Structure formats: C-alpha cells, structure tokens
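Structure first, then comments.
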Amino acid sequence: MPKTDRLNGCLDQIELEFVEREATPRLLMKLSIQLHLAGLSLSNTVSFLEVFGVHRARSTVHNWVHKADLQPQDGRQPDHVAVDETVIQLN
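Dropping the structure here:
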C-alpha cells in the first residue's frame, strides 16, 4: 500500500479499538489522526483540538496516531523498520 493510501477515504476507516475511555470525542480523535498523517505538526493538531474546547498534550495525539495501527499491510519488507517518520534498512 502506498504511503498516501492510508489517508484516502473517510474517517470511518480509522479504527479506534485501542481507546479505553471516552475522554475525547471519537470524531475529533479520527480527524486529529488524519490531520497529523497528512502533515500537520503535533503542535498544530493540538491547537486544532483546542478550537473545539478539547485540551490534549502532543504526546497524547502522538499515541493516538501510533496506536491507530495505520501502517501499510501489503508489501511488508522484513529488512525495513518504520520509526516515526524515518525508515531504517537493516542489513
């Protein structure tokens, strides 16, 4: 799956099964995840949430993005590891 394919489609495709408590509306969580994946910084994503009266730390949004498990499934390469936005090739 190309990197940008995970950004296409509707917000319903973002699974939030990892959510243990409903402190933030799911729609805002999904939108925040999609905005950050599209290139908005964590700080700006947090500022976006504040417009709706939701105050969250950057680390919280970071955790949402990583726990949403939007990594590509097709074309896995065992010699590549994704670390945040960096890809490292292992020999």
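Numbering-wise (this note's numbering), the sequence shown opens with residue -2 and increments by one.
In this text, a Cβ means the ideal position worked out from N, Cα and C, and glycines have one as well.
Computed from a predicted model, the values in this text were never measured in an experiment.
Query	Result
Cβ shell of A54 (< 8 Å), same chain only, five flanking positions each side left out	V43
Buried or exposed (CB count within 10 angstroms, at least 16 for buried), A65	buried
Collapsed DSSP secondary structure at E47 in the structure displayed	helix
S38 in three-state terms, based on DSSP	coil
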